[in-house]
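A short write-up of the structure that comes next.
Protein chains: 2
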Amino acid sequence: MPGGTVGRRSDTRERIQHVALELFVEHGYENTSLREIAERLDVTKAALYYHFRTKEDIVHSLIADLVTALDELLDWGRQRPSTVETRQELLRRFSALVADRFEPVMHFIQQNIPAVKKLGVMHPLGEKLRELFALLCADVDDPEAALRTRLALVALVLGLNPIFGGAQATPPPDVALDVALELVAPRG
Amino acid sequence: MPGGTVGRRSDTRERIQHVALELFVEHGYENTSLREIAERLDVTKAALYYHFRTKEDIVHSLIADLVTALDELLDWGRQRPSTVETRQELLRRFSALVADRFEPVMHFIQQNIPAVKKLGVMHPLGEKLRELFALLCADVDDPEAALRTRLALVALVLGLNPIFGGAQATPPPDVALDVALELVAPRG
DNA sequence: GTCTATATCTCGATAGAC
DNA sequence: GTCTATCGAGATATAGAC
Chain D
1 MPGGTVGRRS DTRERIQHVA LELFVEHGYE NTSLREIAER LDVTKAALYY
51 HFRTKEDIVH SLIADLVTAL DELLDWGRQR PSTVETRQEL LRRFSALVAD
101 RFEPVMHFIQ QNIPAVKKLG VMHPLGEKLR ELFALLCADV DDPEAALRTR
151 LALVALVLGL NPIFGGAQAT PPPDVALDVA LELVAPRG
Chain X
1 MPGGTVGRRS DTRERIQHVA LELFVEHGYE NTSLREIAER LDVTKAALYY
51 HFRTKEDIVH SLIADLVTAL DELLDWGRQR PSTVETRQEL LRRFSALVAD
101 RFEPVMHFIQ QNIPAVKKLG VMHPLGEKLR ELFALLCADV DDPEAALRTR
151 LALVALVLGL NPIFGGAQAT PPPDVALDVA LELVAPRG
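Protein sequence lines, in the order shown, are assigned to chains D and X. 107 is the number that full-length UniProt numbering gives to position 107 of the first sequence; each next residue is one higher, with no gaps. 8 is the number that full-length UniProt numbering gives to position 8 of the second sequence; each next residue is one higher, with no gaps.
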């Protein structure tokens, strides 16, 4: 049962996901062949096809986990009053989510937009991010405040961006969080 | 004289650059074949090879123009006193540069990091951006202020980013500039 | 579940005529 | 400067044995 949730006879599927993501981040999706993935795992290409129907399916499985996690975050946020505290807690949880589990995937997505678009995973992911943004922007109509809210989200993943993020040393996560929290706070 | 600066007998070279960049932005560098570029120009692949030695060379030529423009901006900035006014004017000029001439290239770079890295154009470009960042950060040691400075630059190109930029309507350039200017201003 | 072997395709790049 | 024709490499994906 390759696609099954339980009944694991081995952890090969997870190892494929891990190694594939590693290589996608290193060299990009299109520059990573199934041969490379198989070699790093010390199996053959054909073995990969037992666990994933296509190369694209590997990406789908990676993004799906992220979308699920974002959905849980949104569930929490939806049933909370729309206050500054809620918004800041949303940022904290998003920050923790990225730092703890999804830094590689976010890294991958940010740097491989054409691939992500082509695979059609942009729409489900975009929806979640749009909703997160909407929660963070409740009661805000000022376009400048809206842009600051967007930048707050960007601040939390900026370390992953080699253009403006990697231009110098990566800021510690707590610094990024402080700046982000300030950006969504009402102006003084 | 394919690589020549003057002596133009036709504008094919520029048309290739334009169409190639267009497709690179649309579908990504790796998903754009020379066949597609040639078809959209209504010539054959072989014709492209008269003007550019390789596919990578097309990208090199596109980035080179950006690096030159950034260098001119830096030349101006270097021989100015390190004041808040200078920094804000640097942001204004950078914003104008992007909006007027380099929006497609910035778009392309942001979304095709693996390709840009592989072609080795990241280093010259990264140097310029690092220096721009250094000019904007003069006299600043506070890591939070440094991060805000980075976010100011990001704000100016955020509209090109489909993850956090395209999550909703793109902010008008003047709004982005206002927010950016505020981010590098001393805190109140 | 993993292997060997292979089919099929598309790409970047070149040769040489005009 | 642009064409036709083609080469060789490397990619995804499949077939079938074990």
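Every residue gets a Cβ at the ideal spot worked out from N, C-alpha and C, and that includes glycine.
| Nearest candidate by alpha-carbon position, reference D:E144, set X:D178, X:V67, X:V84, X:A69 | The residue labelled residue 144 of chain D in the question sits at position 144 within the first sequence. Cα-wise, what sits closest to D:E144 is X:D178.
| query | Secondary structure at X:V43, three-state DSSP: helix, strand or coil? | reply | As a working note, residue 43 of chain X is residue 43 in the second sequence. Correct three-state label for X:V43: coil.
| task | Spell out whether any CB of chain X is found under 8 Å from the CB atom of D:G4. | result | By 1-based counting over the first sequence, the position of residue 4 of chain D is 4. Since pLDDT at D:G4 reaches only 47, below the 50 mark, its modelled position is unreliable, and the value read off the structure follows with that caveat. Closer than 8 Å: no.
| field | As assigned by DSSP and simplified to three states, the class of D:R92 | value | Position 92 of the first sequence, counted from the start, is the residue given in the question as residue 92 of chain D. Note: D:R92 maps to helix in three-state DSSP.
| message | Against X:A155, what residues of chain D qualify as contacts under a CB-to-CB distance less than 7 Å, listed in chain order? | response | Mapped onto the second sequence, residue 155 of chain X falls at position 155. Those within 7 Å of X:A155 in chain D are L147, L151.
| said: So, under 8 Å CB-CB, X:R66 and X:V105 are touching, yes? Tell me the CB distance rounded to an integer number of Å. | reply: Along the second sequence, read from residue 1 onward, the residue named residue 66 of chain X stands at position 66. Along the second sequence, read from residue 1 onward, the residue named residue 105 of chain X stands at position 105. It is worth fixing the name first, because residue 66 of chain X is Leu in this sequence and not Arg. Right, their Cβ atoms sit about 5 Å apart.
| field | X:E30 burial status per 10 Å Cβ neighbour count (16 or more: buried) | value | The sequence position of residue 30 of chain X within the second sequence is 30, counting from 1. X:E30 comes out buried.
| task | Could you check what DSSP says for residue 190 of chain X in three-state terms: helix, strand or coil? | result | This structure gives no information on residue 190 of chain X, because the portion of chain X shown stretches from 1 to 188.
| query | Got a sec: is the Cβ-Cβ distance from X:F102 to anything in chain D below 8 Å? | reply | Mapped onto the second sequence, residue 102 of chain X falls at position 102. For X:F102, the answer is no, since every Cβ of chain D falls outside 8 Å of its Cβ.
| Cα separation between D:K128 and X:V98? | As a first step, residue 128 of chain D is located in the first sequence; it is residue number 128 there, counting from the start. As a first step, residue 98 of chain X is located in the second sequence; it is residue number 98 there, counting from the start. Near 29 Å, if we compare the C-alpha coordinates of X:V98 and D:K128.
| request: Out of X:L41, X:D71, X:L21, X:L70, point me to the one whose CA is closest to X:D57's CA. | output: Within the second sequence, the letter at position 57 stands for residue 57 of chain X. That would be X:L21, whose Cα lies nearest to the Cα of X:D57.
| field | C-alpha distance - D:A45 paired with X:D139, whole-angstrom precision | value | As a working note, residue 45 of chain D is residue 45 in the first sequence. As a working note, residue 139 of chain X is residue 139 in the second sequence. Note that residue 45 of chain D is Lys in the sequence shown here, rather than Ala. C-alpha separation (whole angstroms): 54 Å.
| request: Return the chain-ordered ranges of every alpha helix (DSSP H) run that is complete within the region 133-179 of chain D and spans a minimum of 4 residues. | output: 143-157
| request: Determine the direct distance from the alpha carbon of X:H107 to that of D:R87, and round the result to whole angstroms. | output: Taking the first residue of the first sequence as 1, we reach residue 87 of chain D at position 87. Taking the first residue of the second sequence as 1, we reach residue 107 of chain X at position 107. About 30 Å.
| request: Taking C-beta pairs closer than 9 Å, name the residues in chain D that X:E56 reaches, listed in chain order. | output: To locate residue 56 of chain X, count along the second sequence from 1; it is residue 56. Neighbours of X:E56 on chain D: none; closest Cβ ~13 Å, over 9 Å.
| query | Given a threshold of 16 other Cβ atoms within 10 Å of its Cβ, counted over all protein chains shown, does X:G4 qualify as buried or as exposed? | reply | Looking up residue 4 of chain X in the second sequence gives position 4. Because X:G4 carries a pLDDT of 47, less than 50, the predicted location of this residue cannot be relied on, and the following value inherits that uncertainty. Classification of X:G4: exposed, given that the 10 Å Cβ count is below 16.
| query | Does any CB atom of chain X fall closer than 8 Å to the CB of D:F164? | reply | In the first sequence, residue 164 of chain D corresponds to position 164, counting from 1. Yes, D:F164 counts as interfacial toward chain X.
| Is the CB of D:H123 under 8 Å away from at least one CB in chain X? | As a first step, residue 123 of chain D is located in the first sequence; it is residue number 123 there, counting from the start. With 8 Å as the cut-off, D:H123 does not count as an interface residue toward chain X.
| task | Taking all protein chains shown into account, decide if X:E14 is buried (16 or more other Cβ within 10 angstroms of its Cβ) or exposed. | result | In the second sequence, the residue the question calls residue 14 of chain X occupies position 14. By the neighbour-count rule (16 or more Cβ atoms within 10 Å), X:E14 is not buried but exposed.
| What does D:H27 touch in chain X if you count any residue whose Cβ is under 7 Å from its own? | Numbered from 1 along the first sequence, position 27 holds the residue referred to as residue 27 of chain D. Within chain X, the residues P114 have their CB atoms less than 7 Å from the CB of D:H27, given in chain order.
| At which residues does the alpha helix (DSSP H) containing D:L74 begin and terminate? | As a working mapping, residue 74 of chain D is identified with position 74 in the first sequence. Residues 55-78.
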